[in-house]
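Visitor:
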Amino acid sequence: MTSARTSVTVDIDAKIPNNVDLKSDRRLQRALESWQPKFIRWWEELGPAAFKENPVFLRTAIDVGQKGWANFDHVSMPDYRWGVFLAEPEPDRKIAFGEHKGQDVWQEVPGEYRSDLRRLIVVQGDTEPASVEQQRQLSLTAPSLYDMRNLFQVNVEEGRHLWAMVYLLHRYFGKDGRDEADAMLERHSGDEDNPRILGAFNEETPDWLSFFFFTYFTDRDGKFQLASMRESAFDPLSRTCDFMLKEEAHHMFVGASGIGRVVSRTLELMAKHDTRDVHPYGGINLDVLQKYLNFHYSVSLDLFGAETSTNAANYYSGGLKGRFHEERRDDDHLLKTLYRNVPDMSDASIGSREVTQLAALNETLREDYTVDCQKGVDRWNRSLSEMDTGVEFRLPHIGFNRDVGTFRDHHVSPDGTVLTAAEWEESKDLWLPSDDDKAHVKSLMVGVTEPGKMAGWIAPPTSGINLKPVEFEYVRV
Ligand SMILES: [Fe+2]
Ligand SMILES: [Fe+2]
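The numbering of the sequence shown is our numbering, which starts it at 2 and goes up by one.
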């Protein structure tokens with residue numbers, strides 16, 4: 002089927018489904034078709050460890066328009082139609098920020114920005130297969146078929162996001178781009194010799210509680226990176242990120258709703274047994290949930306980089322990467338003579354210093370991210386207050402457990418108190434998952450594969466996928 006409903010024609014039956022008219026560029030098509038078996042080999046080796054051939058009720062993009070982009074059916078993952086999809090072009094789009102503001106966006110890569118753009122694409126692209134690798138063991142212990150399906154959906158879409166970045170590398174960066182595309186499959190999460198580029202993507206996602214917090218907090222970092230690249234003057238990158246953001250929304254939903262369901266199950270067990278300690282009853286205590294939140298939030302904050310950054314400033318001035326919602330902001334979009342404060346940790350106290358907004362772009366994006374993170378926390382807190390628990394989840398202080406930027410090598414408690422190393426050592430198990438907490442969570446991870454049944458530590462979802470009931474056979478086992 003070829004669809005011409007939108008201005009971009011989708012060739013869904015091609016070896017590589019795409020809406021970029023791949024067949025008109027034989028060289029590119031051949032290059033991508035020779036990368037395809039390497040991708041499949043990687044997926045087989047480092048993709049989901051179990052249920053890899055079972056039919057899964059998956060969403061596949063077959064069009065980028067309003068209706069066609071989400072098509073649901075049972076598919077065996079090796080047959081998933083990973084494709085290259087760019088959002089529809091915006092006619093007469095102009096550059097919205099930086100030194101080229103007001104000029105036409107670029108359809109090709111300007112020579113002076115070639116290596117910076119390649120770097121941005123490689124760093125983003127590298128996170129996509131990394132998360133699939135981090136999550137590969139989770140299918141063995143899925144708390145329900147519904148959850149297993151959601152995991153696989155996230156996994157195949159991260160695979161597609163890799164395709165999205167690899168297309169850009171092949172199409173616009175010649176031999177260097179092809180080498181970078183190969184290297185995406187050679188670096189592996191946690192590999193000692195050849196790890197993934199960003200630290201947070203080298204840790205295994207060891208259990209489902211971590212998976213939900215990862216998709217809530219770390220996929221949300223992805224949302225903010227993609228949203229700022231959607232502003233890019235390099236139009237193909239902008240259109241690619243625009244479409245990826247649609248898929249990313251589902252990943253964050255998996256996290257937000259997953260955590261919400263764990264919270265409701267905990268509250269249910271608390272009420273039933275009239276206790277705050279639900280561990281003997283197979284639940285997860287609220288304080289343990291707060292510790293997982295602290296960990297995943299703080300690790301994700303590091304992904305935004307140092308408070309001030311020359312690279313980020315150059316990317317902005319060049320028009321390569323903008324701010325979140327750049328066009329909605331009412332300022333000069335140059336930021337060289339506008340100022341703001343960034344946190345500054347010195348002499349064991351937390352202060353701030355004034356810098357140009359241009360220098361502080363990482364911090365600005367991190368703040369936008371924090372505002373977004375708070376929304377889910379507020380939602381979980383509503384269920385806590387309905388039950389009169391007297392407990393509230395909180396995002397920890399921005400200096401807590403940080404490894405990047407001004408707080409690195411300092412110890413700050415979740416409420417923002419500066420601590421000595423000894424004080425930190427003494428209390429850190431109150432704030433971050435302890436070995437006991439992790440062991441308890443691990444002990445609950447038992448796969449449940451009967452349709453409609455849930456593991457005991459998590460409540461069922463309020464509704465199924467694509468109007469199917471919760472007890473639908475989301476994965477045929
Ligand atoms: Fe992604
Ligand atoms: Fe994602």
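Where is the CB? At the ideal position from N, CA and C, for every residue including glycine.
Checking the sheet assignment: what are the DSSP bridge partners for Thr267?
Guide: None, per the DSSP bridge assignment.
Visitor: With a 10 Å radius around its C-beta and 16 neighbouring C-beta atoms as the bar for buried, classify His326 as buried or exposed.
Guide: His326 is exposed by the Cβ-count criterion.
Visitor: Using CA coordinates, which residue listed in Phe296, Ser190, Phe235 and Gly112 is at the minimum distance from Phe98?
Guide: The shortest C-alpha separation from Phe98 is found at Phe235.
Visitor: Tell me the residue span of the alpha helix (DSSP H) that contains Gly126.
Guide: Arg115 to Gln135 is the extent of the alpha helix (DSSP H) around Gly126.
Visitor: Taking just the CA atoms, how far does Ala182 sit from Ser318?
Guide: The alpha-carbon atoms of Ser318 and Ala182 are separated by roughly 27 Å.
Visitor: Helix, strand or coil: how does DSSP classify Thr241 here?
Guide: Three-state DSSP puts Thr241 in a helix.
Visitor: Is it true that the segment 111 to 129 meets the segment 47 to 57, where meeting means three or more beta-carbon pairs spaced less than 8 Å apart?
Guide: Segments in contact, no.
Visitor: Let me know the secondary structure DSSP gives Pro344 once reduced to three states.
Guide: In the structure shown, Pro344 sits in a strand (DSSP, three-state: E or B).
Visitor: Return the first residue and the last residue of the beta strand (DSSP E) that Arg484 is part of.
Guide: For the chain, the structure presents residues 2 to 478; residue 484 sits outside this window and is missing.
Visitor: Out of Arg367, Pro111, Thr61 and Ser435, point me to the one whose CA is closest to Val482's CA.
Guide: No answer is possible for residue 482: it lies beyond the span of the chain, which begins at 2 and ends at 478.
Visitor: Does the distance from the CB of Val263 to the CB of Ile466 come in under 8 Å?
Guide: Cβ atoms of Val263 and Ile466: not closer than 8 Å.
Visitor: What do you get for Asp14, buried or exposed, if any count of 16 or more other CB atoms within 10 angstroms of its CB means buried?
Guide: Asp14 comes out exposed.
Visitor: Does the count of Cβ pairs from the segment 379 to 391 and the segment 236 to 249 closer than 8 Å reach three?
Guide: No, because fewer than three Cβ pairs between the segment 379 to 391 and the segment 236 to 249 fall closer than 8 Å, the two stretches do not touch.
Visitor: Per DSSP, what kind of secondary structure is Thr206 in: helix, strand or coil?
Guide: DSSP places Thr206 in coil when its eight states are reduced to three.
Visitor: Under 8 Å by Cβ, that's how I've got Gly84 and Arg161 pegged, so tell me the actual separation to the nearest angstrom.
Guide: So it is a contact: roughly 7 Å between Cβ atoms.
Visitor: Name the DSSP beta bridge partners of Thr357, please?
Guide: Per DSSP, Tyr340.
Visitor: In or out: Pro144 buried (at least 16 other Cβ within 10 Å) or exposed?
Guide: With 16 or more Cβ atoms within 10 Å of its Cβ, Pro144 is classed as buried.
Visitor: So does Glu249 have its beta carbon nearer than 7 Å to some heavy atom of ligand 2?
Guide: Yes.
Visitor: Taking 8 Å as the cut-off, decide whether the C-beta atoms of Ile399 and Leu294 are in contact.
Guide: Their beta carbons are not under 8 Å apart, which means Ile399 does not touch Leu294 by this criterion.
Visitor: Using DSSP with H/G/I as helix, E/B as strand and the rest coil, what is Ser145?
Guide: Reduced to three states, the DSSP call for Ser145 is coil.
Visitor: Rounded to whole angstroms, what is the Cα-Cα separation between Thr371 and Val300?
Guide: If I take the Cα positions, the gap works out to 13 Å.
Visitor: Taking Cβ to Cβ, would you say Leu146 is nearer than 8 Å to Glu474?
Guide: Yes, the Cβ-Cβ distance between Leu146 and Glu474 is below 8 Å.
Visitor: Whole-angstrom Cβ separation of Leu433 and Asn402, contact assumed at under 8 Å?
Guide: Between Asn402 and Leu433 the Cβ distance is about 7 Å, and since that is below 8 Å, they are a contact.
Visitor: Give a yes or no on contact between the segment 73 to 87 and the segment 201 to 209, applying the rule of three or more CB pairs nearer than 8 Å.
Guide: No, the segment 73 to 87 is not in contact with the segment 201 to 209.
Visitor: Looking only at its chain, what residues have a beta carbon closer than 7 Å to the beta carbon of Gln104, apart from the 5 residues adjacent to it on each side?
Guide: Around Gln104: Lys95 and Ile96.
Visitor: Could you tell me whether the segment 331 to 348 touches the segment 406 to 421, where touching means 3 or more Cβ pairs closer than 8 Å?
Guide: Yes, they touch.
Visitor: Can we count Gly259 as close to ligand 2, meaning its CB is less than 7 Å from some heavy atom?
Guide: Checking the Cβ of Gly259 against ligand 2 gives no.
Visitor: Can you tell me the Cα-Cα spacing of Met271 and Lys322, whole angstroms?
Guide: Approximately 47 Å between the Cα atoms of the pair.
Visitor: May I ask you to report which of helix, strand or coil DSSP gives Gly223?
Guide: Looking at Gly223 - three-state DSSP - the assignment turns out to be helix.
Visitor: Return the chain-ordered list of same chain residues with a C-beta closer than 6 Å to the C-beta of Val110, the five sequence neighbours on each side being excluded.
Guide: Excluding residues within five positions, the ones whose Cβ falls inside 6 Å are Leu118 and Tyr173.
Visitor: Just to confirm the assignment: which complete beta strand (DSSP E) runs, minimum length 3, are found wholly within the segment 20 to 108?
Guide: Fully enclosed beta strand (DSSP E) runs of 3 or longer: 56 to 61 and 72 to 77.
Visitor: Would you mind sorting Leu287 into buried or exposed? The rule is 16 or more other CB atoms within 10 Å of its CB.
Guide: So Leu287 counts as buried.
Visitor: Bridge partners of His412, per DSSP?
Guide: Leu420, per the DSSP bridge assignment.
Visitor: Near Asn315, what residues of its chain come up, given a Cβ to Cβ distance below 6 Å and the 5 sequence neighbours on each side ignored?
Guide: Cβ within range, chain order: n/a, list empty.
Visitor: Looking at Pro461: is its Cβ nearer than 8 Å to the Cβ of Ser258?
Guide: No, the Cβ-Cβ distance between Pro461 and Ser258 is not below 8 Å.
Visitor: Should Gly126 be listed as close to ligand 2, given that the test is whether its C-beta is under 7 Å from any heavy atom?
Guide: Because no heavy atom of ligand 2 lies under 7 Å away, the Cβ of Gly126 does not count as near it: no.
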